[in-house]
Amino acid sequence: MEQIQGGVTAPKGFLAASAAAGIKYENRTDMAMLYSEQPCAAAGTFTTNVVKAAPVLWDKKLVENETNAQAVVVNSGIANACTGREGMECCEAVAEETGRLLQIPKESVLLGSTGEIGVQIPVEKLKAGLVVLKDNLQPELEAGTKAAKAIMTTDTHHKEIAFSFQVGGVTATIGGMCKGSGMIHPNMCTMLAYITTDVAISKKLLQEALQEDIQDTFNMVSVDGDTSTNDTVLLLANGMAGNKEITDKDENYHIFQEALRAVNTFLAKQMAGDGEGATALFEVKVEGAKTKADAIALSKSVVSSSLVKTAIAGHDANWGRIFCALGYSGVDFEPGKVELQFISSAGKIIIAQNGVAVKFSEEEATAILSQEEITAYIHMHIGNEAATAWGCDLTHEYISINADYRS
């Protein structure tokens, strides 16, 4: 497997476009379109929030009931959430118009929205944007990059990645883009992720691969503890690499799984590090837990703790907060066996062993905690299971961004 340049247009047969429709933002693009030259097997995972946005309901129905998908249309600025019947009618109108323009069934058009909740989207602006998108569809890598930029809200940079790999004796490619910076605490964040691949694989296995992988990638991210109404991860496979279709969980399936994991891990970490107001990516590695579920719960409890996140923002080795977060995770463990280290590009330092503090240099700890990427390594010493969660520090800027997000 090799990382290559690009994102969603890196795989064969995928085109992308962006447009400035003026939905909410001025002087920037706010709509994106992905299109495959061939119909795709489609898989998806969606928010577990009881309040689901209209495009989530639309996509969920299509992914579960339709055979193929061929296009995705995404807007930023307005979330089309809590919009009732009018919101669903908006989805219907956009899918129908997209189908007409691209000459594909409306049932093969998937949708995404992100932005302010409770506001109706101006459908005519969306339709006008669709014409621009259709006319500007391109297979070049730059088109994928522009699409990744168009779906941003409070993100500070676009997020995309691509890998090539060998499967069934041919070269295949997988690429992805996502947006996410705030309202991120997924249970499948506002996060949207779109992954494309030219691998030939059955719809059933595509869904299983995605469903399994997000448990260790997107679902291990927490920026602020809020699960969005719009969280969506879509995975499209058009088969244009030319490999024999993957229909069993054989070696080729596991190769594809590895490539999917690489894309999703990269995008998950990009979102965590770009949390609203964040200055650092905060990674929590838990090892030596009794069960996988325990390791997940422990790591997410620490990475989600507001007190831990503020300590990271202050470059303060306040390890008691980490032990406290472990303690209320709901996991039964032996505090007297826990070991804690902080690790970054500035080095690593042992903070606690056997559940108590060891002598360490506060100055050295501060230097390690002052880097852009920081890891808290926690060994429970009661088992063999491990998990990694990603988040960020919590700064004053988070409040500034969100206090006037709507107004």
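Under the working numbering, think of the first position of the sequence shown as 87, with each following residue one higher.
Where is the CB? At the ideal position from N, CA and C, for every residue including glycine.
If you're wondering where the values come from, they're calculated on a predicted model, not measured in any experiment.
Does the separation of the CB atoms of N154 and C177 fall below 9 Å? no
Curious, which full-length beta strand (DSSP E) runs of at least 3 residues does the segment 314-378 contain? 318-323, 367-375
Taking only three categories from DSSP, how would you classify H482? helix
Since M119 is in the beta strand (DSSP E), which residue starts that stretch and which ends it? 117-132
Which partner residues of L412 appear in the DSSP bridge assignment? BP columns for L412 are empty, so no partner.
Can you tell me the Cα-Cα spacing of K434 and E448, whole angstroms? 12 Å
From the DSSP output, in three-state form, read off A96 for me. coil
Reference A139, options C168, G163, E123, closest by Cα: C168
Cut-off 8 Å between Cβ atoms - residues of its own chain near D402, not counting five sequence neighbours on either side: T452, L455
Looking at the unbroken alpha helix (DSSP H) that takes in C177, where does it start and where does it end? 170-188
What does DSSP give as the partner residues of T452 in its beta bridges? Its beta-bridge partners do not exist; DSSP assigns none.
Own chain partners of P97 with C-beta closer than 6 Å, once the 5 adjacent residues on each side are dropped: T259, G261, T282, T283, D284
Which residues bound the alpha helix (DSSP H) around I398? 392-399
Exposed or buried, what is H340 when buried is set at 16 or more other beta-carbons lying within 10 Å of its beta-carbon? exposed
Near D145, which residues of its chain fall below 8 Å by C-beta distance, leaving aside the five closest residues on each side in sequence? G130, F132, L196, L197, G198, T318, L320
By the three-class DSSP mapping on this structure, what secondary structure does N273 have? In this prediction, N273 has a pLDDT of 46, which is less than 50 and means its spatial position is unreliable; what the coordinates show is noted afterwards. Coil.
Nearest-angstrom Cα distance between E331 and N324? 11 Å
Can you tell me whether G469 is helix, strand or coil according to DSSP? coil
Tell me whether S162 sits in a helix, a strand or coil according to DSSP, three-state version. strand
Name the DSSP beta bridge partners of A295, please? According to DSSP, which records beta bridges pairwise, A295 is partnered with nothing at all.
Strand pairing of L227, partner residues [DSSP]: In the DSSP output, where bridge partners are listed per residue, L227 has none listed.
Pick helix, strand or coil for G254, following the three-state DSSP scheme. coil
Could you tell me the alpha carbon to alpha carbon distance between A460 and D302, rounded to whole angstroms? Here residue 460 turns out to be Ile, not Ala, going by the sequence shown. Computed Cα separation, rounded: 19 Å.
How is the alpha helix (DSSP H) around E150 delimited, first residue to last? 140-151
So, does the segment 388-397 touch the segment 426-445, judging by three or more C-beta pairs under 8 Å? no
Could you check if A397 is buried or exposed, using at least 16 other CB atoms within 10 Å of its CB as the buried criterion? buried
State the Cα-Cα distance for the pair A443 and E369, rounded to the nearest angstrom. 21 Å
I'd like to confirm the pairing. Which residues does DSSP put opposite A489 in its beta bridges? None; A489 has no bridge partner.
Tell me which same chain residues have a C-beta within less than 6 Å of the C-beta of Q439, skipping the five on either side of it? E425
Cα-Cα separation, A179 to S162: 17 Å
Cβ neighbours of A214 in the same chain (closer than 8 Å, five flanking residues each side left out): A107
Whose CA, out of A102, N113, E112, G400, lies closest to the CA of E123? A102
Let me check one thing: in DSSP terms, what residues is Q89 bridge-paired to? F249
Would you call H482 buried or exposed, if buried means 16 or more other Cβ atoms sit within 10 Å of its Cβ? exposed
What separation, rounded to the nearest whole angstrom, lies between the Cα atoms of Y463 and L353? 21 Å
Compute the distance between the beta-carbons of T231 and G359, then report whether it is under 9 Å. no
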